[in-house]
Every structure is written in C-alpha cells, then in structure tokens.
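Peer 1: Dropping a structure here in structure tokens format, bear with me for questions.
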C-alpha cells in the first residue's frame, strides 16, 4: 500500500511538472530528502529514482523553463572549484574504493547546489523551495516526534521512517536538521504566500497550528534520539532568537520556564546521556571523538592536501575513559585505557581538513562565511524598511542565517560537511541574495516611461509606480509584487 502511494504521488507530481518544469526541481528535492525509493518494498527500491529525477529536473529546466531574470553568482564558481578539488582528491584517495562510494552522491549534491540558484529567480520559487524542504523534512520530524511522545525513543533505536542509521536518518544528523528548519517553519507561517493565510480566517489558524505542532515535533527529535548534538543546537537556537526578540526578559523567562517544565518529563536515559556533555572522558563516544580530532590534525600536517574521502579508516587511537564511581558516599575515579580503530570524524570541520586538506577546508569555510555575511547584510539593509513589499526580506534572511548557524553548530559534533540538505540551504541563500540584488538594481535603473507610470511593466513583466519626483527626476523606492 505504501509503495502504491509513493508511485501515485510521484506520477501525479511528474504529470503536473510537464506543464510547469520548475516542479521537477521540487520533486527531486523531495526525493533527495525523504528517499521514497528506500522506503519502498518492491516498486521503487530497484529503480535509480534519485538519478532519474535529477536528470528530469535538469532537462526540464533546459527545455521548458524560462531563463528570464536568471543570474549567476561567484559562490557558484567557488562551489565548482570545491567540486573539482573533491573529484581530484577522490582519484588519489588513500582508500579509493570507499572514496568512490562517497563520491557517488557527493558530486550530485554539490552539482545540484551549483544549479539550484539559477532557477530560484522569483519570490514564489524561493518560497516553494523552502516549503518543499520543510515539508519533506517534516515527514521524518512528525514520525520521530510522535514516537517520542508515545515513549518509543532511545539512543540509536528511534526509527525515522526507515530502520537505517545513515544519512539524514541518523539520529544526530537529523536532530541538527530538525532544529535548523525551525526558523524557516516560522517564516513560512508568518510570511508565506502559497497558503495565503490571512489573520482573519480559519485558514490562518490552521497554518499556525500546524507550524507550532511541527516546531514541537522538531524539538522532540533530540529527546527521542538522545542526541547531545541536538540539545546543543536547540540551546543555540534559543540564544539566537534572543537577538531579535523585542521583549528579551519575557523571552528568557519563557525559555527558562519551558526548560523547568520539560525537565521532569524527559526520560532518565536522556538526562544521563546529556550529563556527559560537560566531561568528554566519562563517555566512550565523546572521548574517542577528541582523539580522532587530534589524529586528524596531525594527519593534515603531514598531508596538507588531504587524503580523500573516508580517510579516517586508517586511524588507530589510544583512548582513556574515566569511570567515576560513588560507593557509600566515597567517589573514586578509574581510568580505563582502550584502543579504537577507524573512528569517524564526528566533526565537519575536521572531516573537511582530513579528507580535502587545508585548501578544501578554506573553500568550504569561505562558502559558509560568505553566506552568513550576505544574510547579515540583507538583515541590516532592510531593518528600517517600511515598504510592505520588503516586509518578508529581513525575516527570511534571519531565518536562513539562523538555520545555517544551527547547522554550523551541529557540524562541530557530527560529520555533515557534504550533507545534501545543507547544500540546499546554501543554494537557497545564494538564490535569495541574487534575487534581492537584481530587484534592487532594477529599482535603481528603469526607463523613464516606466518610472512615471506610463508603461505597465518593468524588465521582468512587473509594473512599477514611482513614489516621488524630485528635481525633475522620477525616483521609485519600492518593488511591485511579482506575478506568480
């Protein structure tokens, strides 16, 4: 039955995409996030669905989609350089077979990230892309949230649609993603136009009701997976929200009250696992991570260009675990040495350093820092804007920046440097910045007839109405809404 639903949904989406090729883009994003072919029992599990949708999306854009308003960005070139560098490092990898396996999906995620900003050329497309990412991730979040609420949680045992502990279905990874999409969920509920939720109707209440429930489900994911990474990300998100809060004391009081109320409700196993955050030596997983990071730094000094994907497989670590015992009020510490091999990086920064060396890490950091600076620039530029056509820009920049920073925080504890979901976030930021920049340039330069209101449409079919004529020159400060 589940297979039939997936097949029917995909065929219906593809049928609609024949007339609207941009829908191919959204269908591929859904397939890449939810992976219905992995959830299928027999109809889709033998079909290279992701590759097929990838090809259809590219062909649909080349053949049937309008290129009006399309612009490139230098960050796409940086992405291309990083992609080429990763390809070269794969050829000379220390573990060529394992490196090829990871490369088989990394190149597709990075190439998609380069391509995506070219099609995100209107507000509607930006919003549709954000909505698709949120709803696709919500399929996992709602499942995990319901299981957690009904007591079906546990470290390494919470199943998110699929009994698999890899990719987006891994507990720590999805905990990071679930927390990172919360700002986007709230932005879509407040400024989204696809559902056209007005403040005076039932539709608005339904949209906000679903958004609040989805946020709650996302917050439950770190509890259900018992992932320390998720708890750190959630704490960081609450601190980030303080920046734009108008009533900071009320905000802090609410957060503290929420924590006090939630504390007795969380499972004891969750509380015990979270207690190891302050002392990495008390937990085997945490102590080996620190040892891996030290090994990676030494390896990078000897191999500054990196060793290719999965280079961690050659590490051999001597680790000491500290066990604290309380016997009759007397606390004793016992050091237990042990050897571990082939431990994963559990850190995206060291993942890039070990696999792609200092050049790869520099390119990767440049992409993230540039996106952060761009979103901050948009936030400040539109902070004082009173134009209703600009009301959505600063909140979206804040939401994307917040989600991105949550990812970078989670990346300190889990290896997600090449996670496709974050590449989509980066593409969304590039497309958003390019769109706003193009609209600003169009507002600064228009034919005089359009500025005076004698012509109904601008360069991309949008009418513009001037707000003032000063010293014999027409000036317009706002943008008119774009057609969908």
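In this note's numbering, the protein residues as written are 7 to 490. Just so you know, even glycine gets a beta-carbon here, dropped at the ideal spot from N, CA and C. Model, not experiment: these values are computed from the prediction.
(1) Pick out whichever of 351, 434, 250 and 115 has its Cα sitting closest to the Cα of residue 125.
(2) CA-CA distance, residue 467 and residue 74?
(3) Are residue 151 and residue 217 touching if we call contact CB-CB under 8 Å?
(4) Tell me whether residue 207 is buried or exposed, calling it buried when 16 or more other Cβ atoms sit within 10 Å of its Cβ.
(5) Using only alpha-carbon positions, find the residue among 41, 225 and 381 that is nearest to residue 264.
(6) Excluding the five sequence neighbours on either side, which residues of its own chain have a C-beta within less than 7 Å of the C-beta of residue 246, listed in chain order?
(7) According to the neighbour-count rule (16 or more other Cβ atoms, all chains shown, within 10 Å of its Cβ), is residue 321 buried or exposed?
(8) State the start and end residues of the unbroken alpha helix (DSSP H) segment that holds residue 445.
(9) Determine, using beta carbons only, whether residue 43 and residue 29 come nearer to each other than 8 Å.
(10) Can you tell me which of the three DSSP states residue 52 falls into?
(11) Assess, as a yes-or-no matter, whether the region 58-65 is touched by the region 30-38 under the definition of 3 or more beta carbon pairs within less than 8 Å.
(12) Can you tell me the Cα-Cα spacing of residue 469 and residue 175, whole angstroms?
(13) Can you list, in chain order, the residues of its chain whose CB lies under 8 Å from that of residue 385, leaving out five sequence neighbours each side?
(14) Buried or exposed: residue 390, going by 16 or more other Cβ atoms within 10 Å of its Cβ?
(15) Do you know offhand how far residue 383's Cα is from residue 373's?
(16) Alpha carbon to alpha carbon, how far is residue 178 from residue 420? Give it in angstroms, no decimals.
(17) Measuring alpha carbon to alpha carbon, tell me which of 361, 358 and 323 ends up nearest residue 343.
(18) Using the three-state DSSP reduction, which class does residue 481 fall into: helix, strand or coil?
(19) Span of the alpha helix (DSSP H) holding residue 109?
(20) Is residue 322 helix, strand or coil when you go by DSSP?
(21) Using the Cα positions of residue 301 and residue 353, report the straight-line distance between them to the nearest angstrom.
(22) Please classify residue 371 as buried or exposed, where buried requires at least 16 other C-beta atoms within 10 Å of its C-beta.
(23) Assuming residue 230 contacts residue 306 (C-beta within less than 8 Å), just tell me the rounded distance between them.
(24) When the distance is taken between beta carbons, is residue 310 closer than 8 Å to residue 364?
(25) Quick one: measure Cβ to Cβ for residue 220 and residue 191, integer angstroms, because I've assumed they're closer than 8 Å.
(26) Tell me the rounded alpha-carbon separation between residue 262 and residue 228.
(27) Can you give the Cα-Cα distance for residue 26 and residue 121, rounded to whole angstroms?
(28) When the Cα atoms are used, what is the spatial distance from residue 11 to residue 50?
(29) Alpha carbon to alpha carbon, how far is residue 380 from residue 8?
(30) Could you tell me the distance, in whole angstroms, from the CA atom of residue 248 to the CA atom of residue 267?
(31) How is residue 311 classed by DSSP in three states: helix, strand or coil?
(32) Sort out for me which residues DSSP pairs residue 342 with in a bridge.
(33) Should residue 232 be labelled buried (16 or more other beta-carbon atoms within 10 Å of its own) or exposed?
Peer 2: So, from the listed chains and residues:
(1) 434
(2) For residue 467, the predicted structure reports a pLDDT of 44, less than 50, and the residue's modelled location is therefore unreliable. The matter cannot be settled from this model.
(3) no
(4) exposed
(5) 225
(6) 408 and 411
(7) buried
(8) 426-450
(9) no
(10) coil
(11) yes
(12) The predicted position of residue 469 is uncertain, since its pLDDT is 45 and thus under 50; a value taken from the coordinates is nonetheless stated next. Approximately 46 Å, taken between the alpha carbons.
(13) 400, 403, 404 and 407
(14) exposed
(15) 15 Å
(16) 7 Å
(17) 323
(18) With a pLDDT of 37 at residue 481, under the threshold of 50, the predicted position of this residue should be treated as unreliable, and no value is reported.
(19) 102-125
(20) strand
(21) 13 Å
(22) exposed
(23) Going by Cβ atoms, the distance from residue 230 to residue 306 rounds to 35 Å, so no, they are not a contact pair.
(24) yes
(25) 6 Å
(26) 18 Å
(27) 18 Å
(28) 11 Å
(29) 42 Å
(30) 20 Å
(31) coil
(32) 327
(33) buried
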